[in-house]
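Novice: Pasting a structure here, questions to come.
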Amino acid sequence: MKALAFTDYDVIVIGGGPAGMAAALAASEKDPKLKIALIEREGQIGGILKQCIHDGFGLIRFKERLTGPEYAWRYKEMTEAKENIDIFLFTFLTKLKKENDLFCMEFTNPEYGIFELKAKSLVAAMGCRERTDRQVNIHGERPAGIFTAGQAQALINLHGFMPGKKCVILGSGDIGLIMARRLTLEGAHVEGVYEIKPTPSGLSRNIVQCLNDYGIPLHLSATVTEVEGRERVEAVKIAQVDKNMKPIAGTEKRIPCDTLILSVGLIPENDILSSLNVPIDGRTKGPIVDQFMHTEAAGLFSCGNALHVNDLVDYVSESGKIAGEAAGDFALNMRAGAEKLFPLKMSTKAKKLLPLNIVGKILYVVPQKIDTEAEGSIIFYFRAAEEMQNTGLSLKADGKTVFERKYEELKPPEMERFILPCEKLRGAEKLEIVLSESPQKGIETSSEKKEADNGN
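Now the structure itself:
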């Protein structure tokens, strides 16, 4: 095994996907003297983008319509060009602890075996994983032919194998919708997409472009209750569900197929952080953070799909950049030995680190806490808890409205974003974000601010 030339880093980024690459790049640009390590468990950086060969990526970040590999390649080129970034491939994080204000980590890879690295700040950009058939209580044997949508996508786009010829897709998440189209283009027959909820889980444009344009039926309030087959999937049983999402007796029907594709949700990957006792938001399944993506563990930052599941890779990269810049500042602060970080003036010990209380039908909001004494602008991300029309969003500081926006339509699958100068929250003691169904007249609409927000 080779010996490591360097073990003490300023910033270590776990995960080489779009969030991790953006974080490493942003940290490296804070100061060329900072030493950055980017850890990736696969053979090349890029994350899930490597298998997403459809286009539509980069419209916000690069003002171009790119495929997933093209988007990843651009960040890969920028990251590899930085002399102060060391990239570790085929590398797994096995242990994580904090000692003497440093993050101490144990890794393993084929080149160096088992080795340890230390860092002043750590960026968690591990992405998310797909739910499996056992996590959604599908009964039956465990035959060949059951895949998550991501597995099926990798088989076709990376390895050139067809997962099956006659497919049923459970769940209407975006990956499932995209795979319905991909399977059809490759010659498979997609019997239908079945969604347990009364509304689709994917973006509206994917419903149109991936299902409607190809004549693939979408069945709402329906789910797979059982898989038939021992060696290979032979059929699935489908049943309608009631308002509590429980199968309705007598509605079952048998659908012959050889493949079941699952698109039943994504879970942020944060298990390795348990040793640091980081508070997790039950709504997002990611760490609780402030506007700098700083968790409640000093020096630990979270971004991308490890923080919350995003719709657009452009916003994944955006949160990675925010986390990387802040992690770089944190490391520079430790080098300087100062009590307060600069220039962002962010601190988990800040007297004005306030929780953002949710009022109304909001599924979640990120960040969950705000450092009201910090400089700059705050980027907020949120989702509605259910489909709503003609709604008004407001952010209140001590009961005074400091931001308002009207939305003609809100859907849980479609994340919303807005920007607010931090100075508007200065001196506040209580923060609330409110979603109401009857907005006042004269409030700016989402379309009026969309172009400006996307440009930041």
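Throughout the sequence shown, residue numbering follows full-length UniProt numbering, covering 1 to 456 in sequence. Even glycine gets a Cβ: it sits at the ideal position worked out from N, Cα and C.
Which of the three DSSP states is assigned to Asp-329 in this structure?
Specialist: One-based indexing of the sequence shown puts residue 329 at position 329. In this structure, Asp-329 counts as helix in the three-state DSSP scheme.
Novice: Cβ of Pro-149 within 8 Å of Cβ of Ile-114?
Specialist: Walking along the sequence shown from the start, residue 149 turns up at place 149. Walking along the sequence shown from the start, residue 114 turns up at place 114. One point to set straight first is that residue 149 is Ala, not Pro, in the sequence displayed. For Ala-149 and Ile-114, no; Cβs fall outside 8 Å.
Novice: Keeping to the same chain, check which residues put their C-beta closer than 7 Å to that of Leu-300; ignore five residues upstream and five downstream.
Specialist: The residue you call residue 300 lines up with position 300 of the sequence shown. Taken in chain order, the residues that qualify are Leu-122, Ala-124, Leu-276, Val-278.
Novice: Ser-317 bridges to which residues according to DSSP?
Specialist: Mapped onto the sequence shown, residue 317 falls at position 317. According to DSSP, which records beta bridges pairwise, Ser-317 is partnered with nothing at all.
Novice: Considering only residues of the region 92 to 123, which uninterrupted beta strand (DSSP E) runs meet the minimum length of 3 residues and lie entirely inside it, listed in chain order?
Specialist: Runs found: 92 to 99, 102 to 109.
Novice: If we ignore side chains and look at the alpha-carbon of each, how far apart do Ile-207 and Leu-262 end up?
Specialist: Locating residue 207 in the sequence shown gives position 207, counting from the first residue. Locating residue 262 in the sequence shown gives position 262, counting from the first residue. So the alpha carbons of these two residues sit roughly 16 Å apart.
Novice: Please report the distance separating the alpha-carbon of Ala-119 from that of Glu-228.
Specialist: Numbered from its first residue, the sequence shown carries residue 119 at position 119. Numbered from its first residue, the sequence shown carries residue 228 at position 228. So the two alpha carbons sit approximately 51 Å from each other.
Novice: Of the choices Arg-232, Glu-99, Pro-163, Gly-265, whose alpha-carbon is the least far from that of Lys-197?
Specialist: By one-based count along the sequence shown, residue 197 stands at place 197. The candidate whose alpha carbon is nearest that of Lys-197 is Gly-265.
Novice: For Lys-321 and Ala-81, which I take to be in contact (beta-carbon distance under 8 Å), what is that distance rounded to the nearest angstrom?
Specialist: Working through the sequence shown from its first residue, we reach residue 321 at position 321. Working through the sequence shown from its first residue, we reach residue 81 at position 81. Contact doesn't hold; Cβ gap of about 16 Å is too wide.
Novice: Name the two residues that bound the continuous beta strand (DSSP E) containing Met-388.
Specialist: Numbered from its first residue, the sequence shown carries residue 388 at position 388. Its beta strand (DSSP E) spans residues 388 to 397.
Novice: If we ignore side chains and look at the alpha-carbon of each, how far apart do Asp-258 and Arg-131 end up?
Specialist: Walking along the sequence shown from the start, residue 258 turns up at place 258. Walking along the sequence shown from the start, residue 131 turns up at place 131. About 20 Å.
Novice: Run through DSSP, which three-state label would Asp-8 get?
Specialist: Your numbering for residue 8 matches position 8 in the sequence shown. Of the three classes helix, strand and coil, the one that applies to Asp-8 here is strand, per DSSP.
Novice: Have a look at His-294, Gly-282, Gly-173 and flag the residue whose alpha-carbon is nearest the alpha-carbon of Asp-311.
Specialist: Along the sequence shown, one-based indexing puts residue 311 at 311. Closest by alpha carbon: Gly-173.
Novice: What's the C-alpha gap between Gly-171 and Leu-353?
Specialist: Mapped onto the sequence shown, residue 171 falls at position 171. Mapped onto the sequence shown, residue 353 falls at position 353. Using only the alpha carbons, I get a separation of about 39 Å.
Novice: Restricting to runs no shorter than 3 residues, where is the beta strand (DSSP E) found entirely within the region 9 to 97?
Specialist: Counting only runs of 3 or more residues that sit fully inside the region 9 to 97, the beta strand (DSSP E) segments are 36 to 39, 55 to 57, 85 to 88, in chain order.
Novice: Put Lys-243 into one of helix, strand or coil per three-state DSSP.
Specialist: Mapped onto the sequence shown, residue 243 falls at position 243. In the structure shown, Lys-243 sits in coil (DSSP, three-state: anything other than H, G, I, E or B).
Novice: Alpha carbon to alpha carbon, how far is Arg-142 from Asp-55?
Specialist: The residue given as residue 142 occupies position 142 in the sequence shown. The residue given as residue 55 occupies position 55 in the sequence shown. One C-alpha to the other measures close to 34 Å.
Novice: Could you check whether the region 149 to 163 touches the region 286 to 305, counting it as contact only if at least three pairs of C-beta atoms, one from each stretch, sit closer than 8 Å?
Specialist: no
Novice: Using 8 Å as the cut-off, can you tell me whether the region 27 to 47 makes contact with the region 352 to 371, which would need three or more C-beta pairs spanning the two stretches below that distance?
Specialist: Output reads no: the region 352 to 371 does not touch the region 27 to 47.
Novice: On the DSSP bridge list, what partners appear for Tyr-364?
Specialist: As a working note, residue 364 is residue 364 in the sequence shown. According to DSSP, which records beta bridges pairwise, Tyr-364 is partnered with Arg-383.
Novice: Could you check the C-alpha separation between Glu-252 and Phe-330 for me, to the nearest Å?
Specialist: Position 252 of the sequence shown, counted from the start, is the residue given in the question as residue 252. Position 330 of the sequence shown, counted from the start, is the residue given in the question as residue 330. Using only the alpha carbons, I get a separation of about 57 Å.
Novice: Using a Cβ distance threshold of 8 Å, determine whether the region 46 to 54 contacts the region 79 to 94, with at least three qualifying pairs required.
Specialist: Touching, no.
Novice: Once you ignore the five residues that flank Asn-137 on each side, which residues in its own chain have a CB closer than 8 Å to its CB?
Specialist: On the sequence shown, residue 137 is found 137 positions in, with the first residue counted as 1. The answer is none, since no qualifying residue turns up.
Novice: So if DSSP puts Asp-371 in a beta bridge, which residue, or which two residues, is it bridged to?
Specialist: The sequence position of residue 371 within the sequence shown is 371, counting from 1. According to DSSP, Asp-371 bridges with Leu-353.
Novice: Let me check one thing: in DSSP terms, what residues is Ile-178 bridge-paired to?
Specialist: Counting from 1 along the sequence shown, the entry for residue 178 is found at position 178. For Ile-178, which the question treats as bridged, DSSP gives no partner whatsoever.
Novice: Run the CB neighbour count on Ala-323, radius 10 Å, all protein chains shown included, and call it buried at 16 or more, exposed below.
Specialist: Working through the sequence shown from its first residue, we reach residue 323 at position 323. Label assigned to Ala-323: buried.
Novice: What residues are listed by DSSP as bridge partners for His-139?
Specialist: Locating residue 139 in the sequence shown gives position 139, counting from the first residue. Answer is Glu-226, bridged to His-139.
Novice: Relative to the alpha-carbon of Glu-375, which residue among Lys-424, Thr-184, Gln-135 has its alpha-carbon at the smallest distance?
Specialist: Within the sequence shown, the letter at position 375 stands for residue 375. Taking only the C-alpha atoms, the option nearest Glu-375 is Lys-424.
Novice: Counting C-beta neighbours from all protein chains within 10 Å, is the total for Arg-205 16 or more, i.e. buried, or is it exposed?
Specialist: Reading the sequence shown from its first residue, position 205 is the one you call residue 205. So Arg-205 counts as exposed.
Novice: Determine, using beta carbons only, whether Glu-416 comes closer than 8 Å to chain D.
Specialist: Chain labels in this structure do not include chain D; a single protein chain is all it has.
Novice: Out of Ala-336, Thr-67, Gln-135, Lys-76, state which residue places its alpha-carbon closest to the alpha-carbon of Val-224.
Specialist: Position 224 of the sequence shown, counted from the start, is the residue given in the question as residue 224. Taking only the C-alpha atoms, the option nearest Val-224 is Gln-135.
Novice: Please confirm if the region 375 to 386 is in contact with the region 408 to 416, defined as three or more CB-CB distances below 8 Å between the two stretches.
Specialist: yes
Novice: What is the residue span of the alpha helix (DSSP H) that Ile-156 lies within?
Specialist: Indexing the sequence shown from 1 puts residue 156 at position 156. That run of the alpha helix (DSSP H) goes 149 to 157.
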